[in-house]
Amino acid sequence: MSTAATPSTALAQHWCALSALHDGIADHIERRLEAAHGLSVREFSLLTVLDRQAPGRHLQMRQVAEAVVLSQSATTRLVTRMEDRGLLQRTICADDRRGIYTDVTESGRKLLTDAKPTHDRALAEALETARKNPEFTPLVEVLERIGTE
């Protein structure tokens with residue numbers, strides 16, 4: 001029997017490596033954000049997604065959930081917690097009273113501004129550590145190439 005990996009086995013191994021790399025990076029960033037700003041990676045992601053919206057443009061909750069990779073109910077709970085902390089504000093759509101918009105407050109924007117350098121440093125640290133693992137090196141190189149395009 002041949003010991004060479006089949007294409008599907010190799011793909012599965014690469015997928016596992018990518019998943020492990022993601023989890024390691026997310027954990028490292030989470031620890032740094034929590035310690036410095038009391039902010040989770042999901043909260044940082046949500047603030048980032050909402051802050052990128054052009055003035056007067058809003059995402060539906062379904063779109064927000066997709067952007068932060070959570071279910072709609074989990075996203076609603078996250079928004080509620082962040083609204084309770086004064087980081088987000090919900091308003092009813094003037095054109096469609098069924099629609100609810102979520103916007104970043106000034107406090108949320110300040111926290112995001114303060115947290116971005118921490119996030120970026122933690123990402124760089126995690127990638128540098130990952131680069132030392134031969135299984136992750138090609139994945140880190142691809143991320144870096146994407147980042148320069």
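Numbered as in full-length UniProt numbering, the sequence shown ends at 149 without a single skipped number.
Every residue gets a Cβ at the ideal spot worked out from N, C-alpha and C, and that includes glycine.
When the Cα atoms are used, what is the spatial distance from residue i to residue j?
i	j	result
Glu125	Gln72	32 angstroms
Gly56	Gln13	44 angstroms
Ser2	Leu21	Low per-residue confidence applies at Ser2: pLDDT is 49, beneath 50, and the placement is therefore not dependable enough to give any value.
Thr9	Lys132	24 angstroms
Gln89	Gly38	19 angstroms
Gly108	Thr137	35 angstroms
Val64	Gly99	13 angstroms
Glu83	Asp120	25 angstroms
Shortest alpha-carbon distance to residue i belongs to which of the options?
i	options	result
Leu46	Val142, Glu144, Thr80	Thr80
Just to confirm, is the Cβ distance from residue i to residue j under 8 angstroms?
i	j	result
Leu78	Glu135	no
Ala35	Leu139	no
Any Cβ of chain C within less than 8 angstroms of the Cβ of residue i?
i	result
Pro117	This model lacks chain C altogether; it includes just one protein chain.
Enumerate in chain order the residues of its own chain whose CB-to-CB distance from residue i is below 6 angstroms, with the five nearest sequence positions on each side excluded.
i	result
Thr91	Tyr101
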